Amino acid sequence: MQNKKLNIDIYVPINECGCMYDKFMERIFNILMDYMKYINFETKDINSEEAKELGLRGNCVVVEGNKIFTNSFELKNQLPKILKEKKIL
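Mapping the sequence shown onto our numbering, position 88 (from 1) lands on 91, and the numbers just tick up by one.
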C-alpha cells in the first residue's frame, strides 16, 4: 500500500461569510471525494501571507505548493493525471 499522499491546499476568504465560497467548496469537495485516500488537504485563508507569497487572488486550489487551479473543471481534469504522475494512483 502506498503511503505517499498528494498535498492540496484550498484557499478561500475564511474570515468572510461562507456564502462567499460555499459553492466553490462544494464543487471542490465533490471532485476530491473520489480521491480522499490519496490526498491530504487543508483549507487556508486567501488573505494570508502565504497566499500573498504565492500570488493568489480569489478562491483557488494549490496542489503540491505549485500547481494553481482557479476552477473546478481544471482540477477535475488534472487531478487524476497528477496522481498518476506522482505514482500515487
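Cβ atoms here follow ideal geometry from the backbone N, Cα and C, with glycine treated the same way.
Keep in mind it's a predicted model, so treat the numbers as computed, not measured.
Subject >> First and last residue of the uninterrupted alpha helix (DSSP H) at Asn33 >> reply: 25-35
Original post:
Could you give the distance in angstroms between the alpha-carbon of Cys63 and the alpha-carbon of Tyr38?
Top reply: 18 Å
**OP:** Tell whether a beta-carbon distance below 8 Å holds between Phe44 and Ile11.
**Re:** yes
Original post:
Should Leu57 and Leu9 be called a contact, given that it needs their Cβ atoms to be closer than 8 Å?
Top reply: no
Original post:
For Ile42, which of Asn69, Lys7, Ile31, Asn74 has the nearest alpha-carbon?
Top reply: Lys7
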